[in-house]
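Just below is one structure, and these are the notes that go with it.
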C-alpha cells in the first residue's frame, strides 16, 4: 500500500467516527478536496505532490477528530506528526515539511515556505470552488484572485 493510501485509511477512521452525517460529509469533501487541490498546485509549482496530498488530507484532522476548530492548525500539526510517526513510512524531514504546512495553513495573510503556501492556497481553492454561487470570504479574496491568475481562470469574481 502506498503512503497516501495509509494516510487515507487513518483519515477515514477519524471521519467515520463523526456522528452527524452532514459534518462527516463536509469532512470528506473538504479534506479530500484540499488534498486534490494540493496535488494540482504542487505539480504546477514543482513541489512534492505526494507530500502535498498528505498535508491536504491531514490539514484539518484535529477539527474533525475533536469537532473543535479552536487553534486547529497548531494542534492539528501535532496530531498529524504523531499519526505520521506511528505509520513508520515517512522520514523525519518529510514529516517536518508536512507538519509545517499544517501548522501555518491558517495564517493566510503571512507568507511562509513555498510548500506551506501550496496548502494555504489549496485550502482557499477548495473553499472558493465548493460552490461558485457562494461569495468568496473577504480574507480569501486576494489569494483566490492570485490563484485564478496563476491558473489562467476567468469568470468568477473575487
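Numbering (full-length UniProt numbering), first residue to last: 1 to 158. Note that CB positions come from ideal geometry on N, CA and C, so glycine has one too.
Contact check for residue 103 and residue 74: beta-carbon distance about 6 Å, within the 8 Å limit, so the pair qualifies. Judged by DSSP secondary structure, residue 107 falls outside any alpha helix (DSSP H); it is assigned neither H nor E. Annotated as distal: residue 37 and residue 58, with beta-carbon spacing of 8 Å or more. Cβ neighbours of residue 34 within its own chain (closer than 7 Å, five residues either side excluded): 56, 59, 122, 123, 126. At a cut-off of 3 residues, not a single continuous stretch assigned as beta strand (DSSP E) sits fully inside the stretch 127 to 152. With respect to residue 54, residue 98 sits close: the two C-beta atoms are nearer than 8 Å.
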